[in-house]
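Asker: Mind looking over this structure? Questions follow.
2 protein chains.
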Amino acid sequence: MARAETRDRARRRTAKRERMEAVRAFATGRVLDAGRTRDALQALLRPGDRVALEGDNQKQADFLAGELAGCDPEAVHDLHLLISSISLREHLDVFERGVARRLDFAYAGPQSVRMAQLLADGGIEIGAIHTYVELYARMFVDLIPDVALLCAEQADREGNLYTGPSTEDTPVIAEAAAFSQGVTLVQVNEIVDKVPRVDIPGDWVDLIVRSPRPFALEPLFTRDPRHIGQVEILMAMMALRGVYERHGVTTLNHGIGFDTAAIELILPTYGEELGLRGKICRHWTLNPHPTLIPAIETGWVESVHCFGGEPGTERYVAARPDVFFTGPDGSLRSNRVLCQLAGQYAVDLFIGSSLQIDANANSSTVTEGRLTGFGGAPNMGHDPHGRRHPSPAWLGLVAGEPPVLRGRKLVVQITQTFRSGGVPAFVESLDAVRVGEDAGMPIPPVMIYGDDVSHVVTEEGVAYLYRAAGPAERRDAVAAVAGATPVGRRIGHRRVEELRRDGLVALPEDLGVDVRRAKRSLLAARSMEDLVAWSGGLYDPPARFRSW
Amino acid sequence: MARAETRDRARRRTAKRERMEAVRAFATGRVLDAGRTRDALQALLRPGDRVALEGDNQKQADFLAGELAGCDPEAVHDLHLLISSISLREHLDVFERGVARRLDFAYAGPQSVRMAQLLADGGIEIGAIHTYVELYARMFVDLIPDVALLCAEQADREGNLYTGPSTEDTPVIAEAAAFSQGVTLVQVNEIVDKVPRVDIPGDWVDLIVRSPRPFALEPLFTRDPRHIGQVEILMAMMALRGVYERHGVTTLNHGIGFDTAAIELILPTYGEELGLRGKICRHWTLNPHPTLIPAIETGWVESVHCFGGEPGTERYVAARPDVFFTGPDGSLRSNRVLCQLAGQYAVDLFIGSSLQIDANANSSTVTEGRLTGFGGAPNMGHDPHGRRHPSPAWLGLVAGEPPVLRGRKLVVQITQTFRSGGVPAFVESLDAVRVGEDAGMPIPPVMIYGDDVSHVVTEEGVAYLYRAAGPAERRDAVAAVAGATPVGRRIGHRRVEELRRDGLVALPEDLGVDVRRAKRSLLAARSMEDLVAWSGGLYDPPARFRSW
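Protein sequence lines, in the order shown, are assigned to chains X and P. If you read the first sequence in UniProt numbering, its first letter stands for residue 1, the second for the next number, and so on. If you read the second sequence in UniProt numbering, its first letter stands for residue 1, the second for the next number, and so on.
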């Protein structure tokens, strides 16, 4: 029971003071000279440091990423990077140049091929692949950052930050670093005398630097209605009748994709006709999807809380403060962690598309040769056992052994049976299993586990997996809606009829869905121009989505 | 597809402007005249408003609660209150006086009997009973507050708030209200020229009022080691060897109680002897438990992130910034939502005590006549299916159908087989089932579901429920450690031997635990004085815990 040796009880605080002294030559107060950013990083960082580099789902601390990648590996090496989304070339340059060695991350979409290669070559050491919120959670436990490199729209000279609509992940990373004696350095588009609102207090910010160009921001949640076809519309009609209407879903989260965009776009038409306005889809947790604009304008949507922003929706969102969470400055306040909390504990339904679903309803977006990771879908796409408050939709999927019963979240997978190019969406074994093995992962990178999935919607019909008595029946229900894929071919007509009779499967006619009506005329908006019109000219689509 | 009728698109913003104008007569800038608080509330509130009244697990906006209860029900009525913890008389006075009608809450410990009575009399309408974070989640979805009544230690005249160590739940409630055009009114202990640090930016705060007395704060996490006996110590020894050591648990959360306090207090003795320092219990998510001080002082603990503060630990925590999350002012920054996130997604083990466990390992702290609610245990005490990153402890409980396997959180229930007074802890049916029926709840208020529990520790031994092949085997394993309770008497000696052989149950001798060593001499601190001594005089126990 010896007391630990006498030692400095505030080593991190001491280290911070030393780091800040070392960087002083390159700064005036909190403001770093942009031209000396690399020198400042070299003065600030120590070999082996744990560095949280802001690379969110959408916005990127790209200037700081580039400056970090340019550091002299003699001076700065063996860093341990925490990056939620590996999106930029610079994120991996840092490893190729020997500045960093170890990586913990959540998603690596655009850089996933190069990442797999770098891993195979031994140029990178992976800690683990997380979901976004898991990675942030660990920043308060066993991955506490020494330095955080962040981004925001504006700062004042006291370091108060204005993030604008893309608050996204900045507050949680800033909090982890600022209250653990870490150093926070923020690239901003502008330094101003007074920020329009304070998203993060200056107290939490040690250094700011004006980036030579605005931070990169991807419009990931914009889908052009032009690309929505009859099959997506048919599936949307079935989802609406067979899931939303049947279960009375008032609170929900939509993943991104044309399938869910189709649902958003038939609310003001098909949904209205069914008399469902005010009865379903009232409260949402999702980014500001442009395809939700017609539903908002026709009075379907009471509230939307957002993970992040979406370029082009700024003026529209600001003009709808009854619906969106906006600040005293008028613009959106998003917050990934709080929206994830809301999506996990306050909403009744998650619906998303997958690239592959296996016979047990496990699904993944991982395909051969790509180490993409998880993002946020696993957090939304599972039944949270920590939920206790009931709602009609949740209680409708009651589970457990009487008398100890509980409700269940609706976790819906929506997909065509074949993807473009005739590739089956339903497969015997997920590519993720092989990718996981090849990458030496202890368990395969499954996005959503089959036992958490309550419904599968395809152009064939709806499978009510939550009603299955066991794994065998669940597999049959999946097969019944898997069409002509190898998984679907395993089931015979008679068994499908049994499943229909027992309420495990519904075909369009069982749901009162007239397949002939699945036409583009059912979409409230059929083009980006239509969305702009619905917005009263307030929506400004990014250039790549403009054809006029 | 008719566009909604032309209407005010910013009704909430308009309403806020009107409310703020109505209250102007009682304020100078943002500062409300304390003597006119009731008038101000009457001017601010409208019948039917949804009001978030800060009543956290520990700190209470008690002055505002009292002023609200004193409002004229002719002027203010039919409010819908959102209160996480119903702790004060005033919380229910508001209903008895007709000021409020509807309640959504999470926990009602001290007022649970009166609440049940008020409910039976029709004096209160319950929306739902939540966990803390569920209630906050809904504030961003379908329970968005019109007005938030909060508390903090200090404010400056611009409304910047300093919460001190008990940041707790204030940031999340403030964010929900401030960005949804709600009005935020904060009682503070002091109004100062400059706050020591900004916990919540003044932008988010509409009104502040200096409370005539400091807000109430309960030392809920202080346990006097004097009350820890041999049985708790024996269980702690078994938990340490049979769970922590066996699974290599490095990240964890302890619930409150003498059972877990005993574990904290034998780390520097028994744990040290076993050579476990640095191998287990390195990163913690929990309030600053005074009983953790010896483990911190002997170098066991690398980090602690806290849900809230604990009265008396302020100076000690401030002196240990390498361990605790502290701000630039030196004092603790706690945050319930982020600590819950960490506890859910970043730690491998939750351990807590229950009042009752049934034969299927479902547990609850609800007993006859009390409608207590949930608090935070269900969020910590379940296996989060949204987790994807592996750790050795998590992987050790691998589950699922190959090849789609996943790890599992360690959810441990620790309890003596009989509570004080000879009341069995293991019961055939939870009181919660009857209480739920009596209160008309759609499902019983179960705290932790049996299928989420991985281990049960009693003075008899450890049951490894995660190894059970099915519900029947799980029931046997529970029974094997349930001693002479009705549940325990159901199992015979031979079956217990089988379970030991198969690794489903371990008795002290199976774990190398010498029962004779379970003595108070094994506690690193045996009194509050000992804790103070360990802290080097930095810990200041609240008066009720002082006997010297």
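We put the beta carbon where it would ideally sit given N, CA and C, even for glycine.
On the DSSP bridge assignment, give the partners of VAL462 (chain X) in chain order.
Answerer: Looking up residue 462 (chain X) in the first sequence gives position 462. DSSP, once it has assigned bridges, lists X:VAL457 and X:ALA506 as partnering VAL462 (chain X).
Asker: Three Cβ pairs or more, each shorter than 8 Å: is that satisfied between the region 247 to 256 of chain P and the region 351 to 358 of chain P?
Answerer: With the cut-off at 8 Å, the region 247 to 256 of chain P and the region 351 to 358 of chain P touch.
Asker: At the 8 Å Cβ level, is LEU341 (chain P) part of the contact set with chain X, yes or no?
Answerer: In the second sequence, residue 341 (chain P) corresponds to position 341, counting from 1. Interface residue, yes.
Asker: So, is the C-beta of THR170 (chain X) closer than 8 Å to a C-beta in chain P?
Answerer: As a first step, residue 170 (chain X) is located in the first sequence; it is residue number 170 there, counting from the start. Cβ-Cβ to chain P under 8 Å: no for THR170 (chain X).
Asker: Flag GLU175 (chain P) as yes if its beta-carbon sits less than 8 Å from any beta-carbon of chain X, otherwise no.
Answerer: Numbered from its first residue, the second sequence carries residue 175 (chain P) at position 175. Yes - at least one Cβ of chain X is within 8 Å of the one on GLU175 (chain P).
Asker: Which bits of chain X does ASP452 (chain P) rub up against, with CB to CB less than 7 Å?
Answerer: For the purposes of this step, residue 452 (chain P) is identified with residue 452 of the second sequence, where counting begins at 1. Correct list: HIS385.
Asker: Pick helix, strand or coil for ARG101 (chain X), following the three-state DSSP scheme.
Answerer: For this step, residue 101 (chain X) is matched to residue 101 along the first sequence. Three-state DSSP puts ARG101 (chain X) in a strand.
Asker: Give me, in chain order, the residues of the same chain whose beta-carbon lies closer than 6 Å to that of SER180 (chain X); leave out the 5 immediate sequence neighbours on both sides.
Answerer: Taking the first sequence and counting its residues from 1, one reaches residue 180 (chain X) at position 180. For SER180 (chain X), where only same-chain residues beyond five positions count, the Cβ hits under 6 Å are ILE144.
Asker: Leaving out the 5 sequence neighbours to the left and right, which residues in its chain are closer than 8 Å to LEU118 (chain X) when beta-carbon positions are compared?
Answerer: Within the first sequence, the letter at position 118 stands for residue 118 (chain X). These residues qualify, in order along the chain: LEU92, PHE95, GLU96 and ILE124.
Asker: Could you check whether the Cβ of SER331 (chain P) sits closer than 8 Å to any Cβ belonging to chain X?
Answerer: Translated into the one-based positions of the second sequence, residue 331 (chain P) becomes position 331. For SER331 (chain P), the answer is no, since every Cβ of chain X falls outside 8 Å of its Cβ.
Asker: Where does the unbroken alpha helix (DSSP H) through ASP259 (chain P) begin, and where does it stop?
Answerer: Taking the first residue of the second sequence as position 1, residue 259 (chain P) is located at position 259. Its alpha helix (DSSP H) spans residues 258 to 266.
Asker: When Cβ atoms are compared, which residues of the region 133 to 151 of chain P fall closer than 9 Å to chain X?
Answerer: Correct list: VAL133, GLU134, LEU135, TYR136, ALA137, ARG138, MET139, PHE140, VAL141, ASP142, LEU143 and ILE144.
Asker: On the three-state DSSP scale, how would you describe ASN189 (chain P)?
Answerer: Locating residue 189 (chain P) in the second sequence gives position 189, where the first residue counts as 1. In the structure shown, ASN189 (chain P) sits in a strand (DSSP, three-state: E or B).
Asker: Of all the options X:LEU267, X:ILE126 and X:GLU168, which has the alpha carbon lying nearest to the alpha carbon of LEU217 (chain X)?
Answerer: Position 217 of the first sequence, counted from the start, is the residue given in the question as residue 217 (chain X). Selected option, being the one with the closest Cα: X:GLU168.
Asker: Determine whether the beta carbon atoms of VAL464 (chain X) and LEU511 (chain X) lie at a separation below 8 Å.
Answerer: Residue 464 (chain X) sits at position 464 when you count from the first residue of the first sequence. Residue 511 (chain X) sits at position 511 when you count from the first residue of the first sequence. Checking the displayed sequence, the identity of residue 464 (chain X) turns out to be Tyr instead of Val. No, these two residues do not count as a Cβ contact at 8 Å.
Asker: Mind checking if LEU44 (chain X) is an interface residue toward chain P, Cβ cutoff 8 Å exclusive?
Answerer: Residue mapping note: residue 44 (chain X) aligns to position 44 of the first sequence, counting from 1. False, the Cβ-Cβ gap to chain P never drops below 8 Å.
Asker: Quick one, which of P:MET20, P:TYR316, P:VAL317 and P:LEU355 has its alpha-carbon nearest PRO424 (chain P)'s?
Answerer: Walking along the second sequence from the start, residue 424 (chain P) turns up at place 424. Residue P:LEU355 is the option with its Cα nearest to PRO424 (chain P).
Asker: Can you look up PHE418 (chain P) in the DSSP assignment and give me helix, strand or coil?
Answerer: Taking the second sequence and counting its residues from 1, one reaches residue 418 (chain P) at position 418. PHE418 (chain P) falls in the strand class under three-state DSSP.
Asker: Could you please give the first and the last residue of the uninterrupted alpha helix (DSSP H) stretch that includes CYS306 (chain X)?
Answerer: Taking the first sequence and counting its residues from 1, one reaches residue 306 (chain X) at position 306. Premise fails: CYS306 (chain X) is in no alpha helix (DSSP H) and is neither H nor E.
Asker: Can you give, in chain order, each stretch of the beta strand (DSSP E) that sits fully within the region 305 to 388 of chain P and has at least 3 residues?
Answerer: Counting only runs of 3 or more, we get 349 to 352 and 356 to 358.
Asker: Can you name, in chain order, every residue of its own chain whose Cβ lies under 6 Å from the Cβ of ASP33 (chain P), other than the five neighbours on each side?
Answerer: Residue mapping note: residue 33 (chain P) aligns to position 33 of the second sequence, counting from 1. If we look at ASP33 (chain P) and ignore the five residues flanking it on each side, its Cβ neighbours are PHE26.
Asker: Hey, how far is the Cα of HIS283 (chain X) from the Cα of SER303 (chain X)?
Answerer: Your numbering for residue 283 (chain X) matches position 283 in the first sequence. Your numbering for residue 303 (chain X) matches position 303 in the first sequence. Approximately 5 Å between the Cα atoms of the pair.
Asker: Output needed for TYR466 (chain P): all residues of its chain with C-beta closer than 6 Å, excluding positions within five of it in sequence on either side, in chain order.
Answerer: Here residue 466 (chain P) refers to the residue found at position 466 when the second sequence is read from its first residue. The residues are LEU397 and SER454.
Asker: ALA155 (chain P): which of P:GLY182, P:VAL205, P:GLY127 and P:ALA178 sits nearest, CA to CA?
Answerer: Locating residue 155 (chain P) in the second sequence gives position 155, counting from the first residue. For ALA155 (chain P), the nearest C-alpha among the options comes from P:VAL205.
Asker: Please look up how many angstroms separate the CB atoms of VAL147 (chain P) and LEU185 (chain P), rounded, as I've assumed it's under 8 Å.
Answerer: For the purposes of this step, residue 147 (chain P) is identified with residue 147 of the second sequence, where counting begins at 1. For the purposes of this step, residue 185 (chain P) is identified with residue 185 of the second sequence, where counting begins at 1. Confirmed, Cβ separation roughly 7 Å.
Asker: Relative to the alpha-carbon of THR365 (chain X), which residue among X:GLY122, X:SER429 and X:ARG315 has its alpha-carbon at the smallest distance?
Answerer: The residue labelled residue 365 (chain X) in the question sits at position 365 within the first sequence. Checked all of X:GLY122, X:SER429 and X:ARG315; the closest Cα to THR365 (chain X) is X:SER429.
Asker: Between the C-alpha atoms of GLU74 (chain P) and SER85 (chain P), what's the straight-line distance to the nearest angstrom?
Answerer: To locate residue 74 (chain P), count along the second sequence from 1; it is residue 74. To locate residue 85 (chain P), count along the second sequence from 1; it is residue 85. Those two C-alpha atoms are separated by around 27 Å.
Asker: Note down, in chain order, all residues in the region 390 to 407 of chain P with a beta-carbon under 9 Å from any beta-carbon belonging to chain X.
Answerer: Cβ contacts with chain X: PRO390, SER391, LEU395, VAL398, GLY400, GLU401, PRO403, VAL404, LEU405, ARG406 and GLY407.
Asker: Report the three-state DSSP secondary structure of ALA239 (chain X) (helix, strand or coil).
Answerer: Here residue 239 (chain X) refers to the residue found at position 239 when the first sequence is read from its first residue. The answer is helix: DSSP assigns ALA239 (chain X) an H, G or I state.
Asker: Below 6 Å CB to CB, which residues in the same chain sit around ARG419 (chain X) once its five sequence neighbours on both sides are set aside?
Answerer: Counting from 1 along the first sequence, the entry for residue 419 (chain X) is found at position 419. Taken in chain order, the residues that qualify are ALA425.
Asker: According to the Cβ coordinates, are LEU200 (chain X) and ALA174 (chain X) closer than 8 Å?
Answerer: On the first sequence, position 200 is the one that residue 200 (chain X) refers to. On the first sequence, position 174 is the one that residue 174 (chain X) refers to. It should be pointed out that residue 200 (chain X) corresponds to Ile in this sequence rather than to Leu. Closer than 8 Å, so yes.
Asker: Helix or strand or just coil, what does DSSP make of HIS289 (chain X)?
Answerer: Residue 289 (chain X) sits at position 289 when you count from the first residue of the first sequence. In the structure shown, HIS289 (chain X) sits in coil (DSSP, three-state: anything other than H, G, I, E or B).
Asker: So, is residue 558 (chain X) buried or exposed, given that buried needs 16 or more other C-beta atoms within 10 angstroms?
Answerer: Given that chain X is displayed from residue 1 to residue 548, the structure contains no residue 558 (chain X) and the question cannot be resolved.
Asker: If you run the structure through DSSP and keep just helix, strand and coil, what is LYS16 (chain X)?
Answerer: Stepping through the first sequence from its first residue, residue 16 (chain X) is reached at position 16. Looking at LYS16 (chain X) - three-state DSSP - the assignment turns out to be helix.
Asker: Flag TYR539 (chain P) as yes if its beta-carbon sits less than 8 Å from any beta-carbon of chain X, otherwise no.
Answerer: Start at 1 with the first residue of the second sequence, and residue 539 (chain P) comes out as number 539. Judged by the 8 Å Cβ criterion, TYR539 (chain P) is not in contact with chain X.
Asker: So with CB distances below 8 Å, who are the chain X contacts of ASP224 (chain P)?
Answerer: For the purposes of this step, residue 224 (chain P) is taken as the residue at position 224 of the second sequence. Those within 8 Å of ASP224 (chain P) in chain X number zero; the least Cβ separation is about 20 Å.
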